[in-house]
Every structure is written in structure tokens, then in C-alpha cells.
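Contents: one structure, followed by commentary.
Residue numbers (this note's numbering): 709 to 939.
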């Protein structure tokens with residue numbers, strides 16, 4: 709790739725990626741993190757699905773965040789019940805009870821894309837389901853975390869999937885609404901510079917490669933860092 713390519717659009721090795729936090733910076737941001745039990749539930753995004761990227765560790769974003777939290781608190785316990793293809797109905801029926809029983813004090817929910825993957829998905833049902841899930845999670849006293857999906861559809865390679873864009877806009881609107889309603893920390897990716905990287909998407913054109921997961925983890929760490937009391 710040409711040296712004139714903007715830094716945010718290059719596809720470097722992980723250690724040189726300007727959008728990926730260095731381990732020492734991650735540790736500094738998470739110093740004093742109070743969380744002891746971290747849970748993630750949802751769909752393939754929660755599970756960390758994605759093709760490997762040369763130069764990047766083959767680790768999903770949630771596992772990266774868990775590792776970063778463990779580095780500053782070795783006693784941290786982590787559980788991820790994310791499942792490929794899970795809809796919000798399935799998260800509600802098959803993952804929520806297990807997560808509540810786990811008694812997390814930090815929990816991230818990532819689902820909804822499968823509900824709205826095709827035109828005609830029920831946005832109102834998705835909103836109700838996410839509200840029900842978050843009501844149960846909030847009752848545990850856990851800090852809630854959510855993120856929006858990135859607007860990846862401007863890249864030429866994504867042309868076959870461009871019809872999904874209106875549904876993903878709707879998904880983000882629901883995610884922002886429930887995040888505000890439940891006081892969740894929200895990490896915004898819609899306009900993130902990551903979205904323009906030509907090598908971002910896996911072969912299926914649905915999931916990020918592990919280079920994308922590395923950036924997602926860094927941004928989630930930044931969001932969590934804003935919650936840490938440093939007084």
C-alpha cells in the first residue's frame with residue numbers, strides 16, 4: 709500500500725496500528741478498574757467471529773477486553789455466551805438466565821443484527837427484547853455496555869451487502885435508545901475511521917477480521933476507562 713495512504717486506512721501489523729492501543733496504554737487506562745465479573749452475551753459479534761488478519765493476534769474483541777481487564781485484576785472472572793446467528797429472541801431465551809446467574813458487575817450485550825438482517829425485520833420487537841434483556845441485566849447491578857455497528861458499506865467490496873445499510877441504521881437507533889434508557893456506556897462505531905479499511909471485513913462480508921476486533925477492543929477499553937473513579 710502506498711506510503712501516501714492516510715494512516716487510519718493502512719493495514720499495519722498490530723503493534724504499529726494507530727487505532728490499536730499498546731498494552732501499556734491499555735493497562736494505564738484500566739488501572740483501578742473495579743470490575744470482578746465480566747460477561748458478554750449476544751450473537752457472532754459477541755462471540756468474536758471473524759477471519760484472521762496477518763500480523764494480528766487471532767482473538768475476538770471481547771476476549772481482548774477480558775484479557776486487558778485480567779491484566780490489571782488477575783482475579784477477574786469472564787464468561788462469554790455469544791452464539792453465531794443468535795437473534796434477540798434467542799439471547800433472551802437461551803443466554804440471559806445464564807448471564808444473570810453468573811452475577812456480572814460488567815456486562816456487554818451485542819445482538820440485533822440477525823433480527824434485522826433482511827428488510828422487514830421487526831424493529832419494535834427488537835427494541836422490546838433489548839429492553840427486557842437490559843432490564844434483567846441492570847437488576848444485577850452490573851455496569852452495562854453496548855456499541856453501535858460501523859458504516860462499512862461505502863467500501864466498494866461491500867457493494868453486495870449494501871442493501872443491509874438501512875436495517876443497520878435502524879439497529880443503531882435502537883441501540884442508542886436503549887443505552888440512554890438504561891445508562892449503558894455506549895461505544896460509537898458508525899463513523900469510526902475503521903470503517904474505511906479495505907481489509908476490514910471477513911470473506912463473508914458480515915464480520916470484522918481480527919484486525920477489526922483489535923480496534924473494537926481498544927475503543928471499548930477507552931469507553932470503560934471513562935467510568936473508572938480515579939480520585
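Glycine residues also receive a C-beta, built at the ideal position from the N, C-alpha and C atoms. The structure displayed is predicted, hence computed values, not measured ones.
Mapping the DSSP letters down to three states, classify residue i as helix, strand or coil.
i: residue 893; result: strand
i: residue 781; result: coil
i: residue 925; result: helix
i: residue 679; result: The requested residue 679 does not occur in the structure, where the chain is confined to residues 709 to 939.
i: residue 796; result: helix
i: residue 915; result: coil
i: residue 810; result: helix
i: residue 791; result: coil
i: residue 745; result: strand
i: residue 717; result: Legend: pLDDT at residue 717 = 35, less than 50; position of this residue unreliable, value from coordinates given subsequently. Helix, per DSSP.
Relative to the alpha-carbon of residue i, which residue among the options has its alpha-carbon at the smallest distance?
i: residue 733; options: 777, 754, 747; result: 777
i: residue 845; options: 890, 936, 879, 821; result: 890
i: residue 833; options: 815, 806, 798, 925; result: 798
i: residue 930; options: 909, 820, 897; result: 897
i: residue 801; options: 813, 910, 728, 749; result: 749
i: residue 936; options: 735, 863, 760; result: 735
i: residue 754; options: 739, 928, 932, 863; result: 928
i: residue 783; options: 888, 746, 737; result: 746
i: residue 883; options: 808, 785, 817; result: 817
i: residue 887; options: 866, 790, 852; result: 852
i: residue 759; options: 769, 728, 911, 933; result: 911
i: residue 881; options: 806, 820, 794; result: 820
i: residue 770; options: 723, 939, 751; result: 751
i: residue 847; options: 726, 933, 811; result: 811
i: residue 742; options: 728, 757, 727, 781; result: 781
i: residue 740; options: 726, 850, 793, 779; result: 779
i: residue 899; options: 775, 862, 737; result: 862
i: residue 966; options: 757, 721, 809; result: Because the chain is modelled from 709 through 939, residue 966 falls outside the range shown and cannot be assessed.
i: residue 774; options: 803, 738, 809; result: 738
i: residue 849; options: 815, 731, 934; result: 815
i: residue 885; options: 842, 722, 867, 871; result: 842
i: residue 828; options: 932, 791, 871, 722; result: 871
With a cut-off of 8 Å on the beta carbons, I'd call residue i and residue j a contact; round off their distance for me.
i: residue 813; j: residue 744; result: 6 Å
i: residue 925; j: residue 772; result: 4 Å
i: residue 807; j: residue 795; result: About 16 Å; that fails the 8 Å criterion.
i: residue 869; j: residue 913; result: 5 Å
i: residue 854; j: residue 805; result: No, residue 854 and residue 805 are not in contact; Cβ-Cβ is about 20 Å, not under 8 Å.
i: residue 922; j: residue 728; result: 5 Å
i: residue 879; j: residue 824; result: 5 Å
Problem set entry | Given 8 Å, three or more beta-carbon pairs between the region 858 to 868 and the region 892 to 909 | yes
Exercise. So, do the region 757 to 770 and the region 903 to 923 have three or more beta carbon pairs nearer to each other than 8 Å?
Worked result: yes
Problem set entry | Any 3 or more C-beta pairs closer than 8 Å across the region 872 to 880 and the region 837 to 854 | no
Exercise. For the region 814 to 899, which segments carrying the beta strand (DSSP E) assignment without a break, of at least 3 residues, lie completely within its bounds, in sequence order?
Worked result: 814 to 818, 851 to 855, 893 to 895
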